[in-house]
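Last residue of the sequence shown: 116 in the working numbering, with the numbers rising by one and none dropped. For glycine and all other residues, C-beta sits at the position ideal for the given N, C-alpha and C. Let me begin by presenting the structure, written as structure tokens, before commenting on it.
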Amino acid sequence: MTIPEMLSQSGTLTLLGLGVVFSFLIILIGCMKLIEIVVRVTGLDKEENTVSNSGSTAAVAGNEKSVIAAIAAAIKEKQTR
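Rendered as structure tokens:
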């Protein structure tokens with residue numbers, strides 16, 4: 036096989052490889068767009084808020100008090116050592 040034939044074959048192989056990669060990327064982008072459309076149509080991108088606002092603030096306030104009490108107890112224990 037001569038050098039021009041090898042260069043021609045390597046150029047063909049390079050173009051074929053790049054074509055396969057770019058066609059795969061185009062197919063991948065198309066699938067992602069299709070999934071995006073399906074998710075938007077079915078409403079899976081919306082988060083459901085099942086807890087009312089008044090209930091969540093009371094739970095957070097109670098949780099904060101317990102965290103503050105735990106921190107104060109840890110500090111007191113550290114200082115007594």
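Throw me the rounded Cβ distance for the residue i and residue j pair, which I believe falls under 8 Å.
| i | j | result |
| --- | --- | --- |
| Val74 | Asp80 | 5 Å |
If you reduce the DSSP assignment to three classes, tell me which class residue i lands in.
| i | result |
| --- | --- |
| Lys81 | coil |
| Thr37 | coil |
| Arg116 | coil |
Looking at the C-beta of residue i, does it have a partner C-beta in chain C at a distance below 9 Å?
| i | result |
| --- | --- |
| Leu50 | In the structure shown, chain C cannot be found, because there is only a single protein chain. |
Could you tell me the distance, in whole angstroms, from the CA atom of residue i to the CA atom of residue j?
| i | j | result |
| --- | --- | --- |
| Glu40 | Gly52 | 18 Å |
| Leu69 | Phe57 | 18 Å |
| Ile64 | Ile38 | 39 Å |
| Ile103 | Ala109 | 10 Å |
| Ile61 | Glu82 | 30 Å |
| Lys113 | Asn98 | 23 Å |
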